[in-house]
Amino acid sequence: MHKVYNPVTNTLSDKSGSCAIVVLIVQDMCYTANVGDSRAVLSSDSGKKCYPLSIDHKPGDDKEATRIKEAGGEIYYRTATN
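The opening residue of the sequence shown carries number 1 in the working numbering; numbering runs sequentially from there.
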């Protein structure tokens, strides 16, 4: 678990996360569950058709950001620098 020091609050914060996706096909029914930044798609007709099986759980989405914050979580953004 990676902890990050916040000098404003003088606390250590956990920046860990997780992602997973599970697909279960039973006869003609497809069940999908996803957590975190993961995506599932189903292709058919030799790849000519594509069907989304999940919804992105991205913190940039207002609904997802609200859910995270209401559950007591925090959102961190990384930026790349040279």
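Beta carbons: idealized from backbone N, C-alpha and C, even for Gly.
The structure displayed is predicted, hence computed values, not measured ones.
In the structure shown, threonine 66 falls within a helical segment according to DSSP collapsed to helix, strand and coil. Looking at the backbone, the Cα of proline 59 and that of isoleucine 68 are separated by about 8 Å.
For proline 52, the uninterrupted beta strand (DSSP E) run begins and ends at 49-52, by DSSP. The Cβ atoms of cysteine 50 and serine 38 lie no closer than 9 Å to each other. The closest CA to that of valine 23, considering only Pro52, Asp62, Ala65 and Gly72, is found on Pro52.
Our two residues, isoleucine 55 and asparagine 34, have alpha carbons roughly 8 Å apart in a direct line. In the structure shown, tyrosine 31 falls within a strand segment according to DSSP collapsed to helix, strand and coil.
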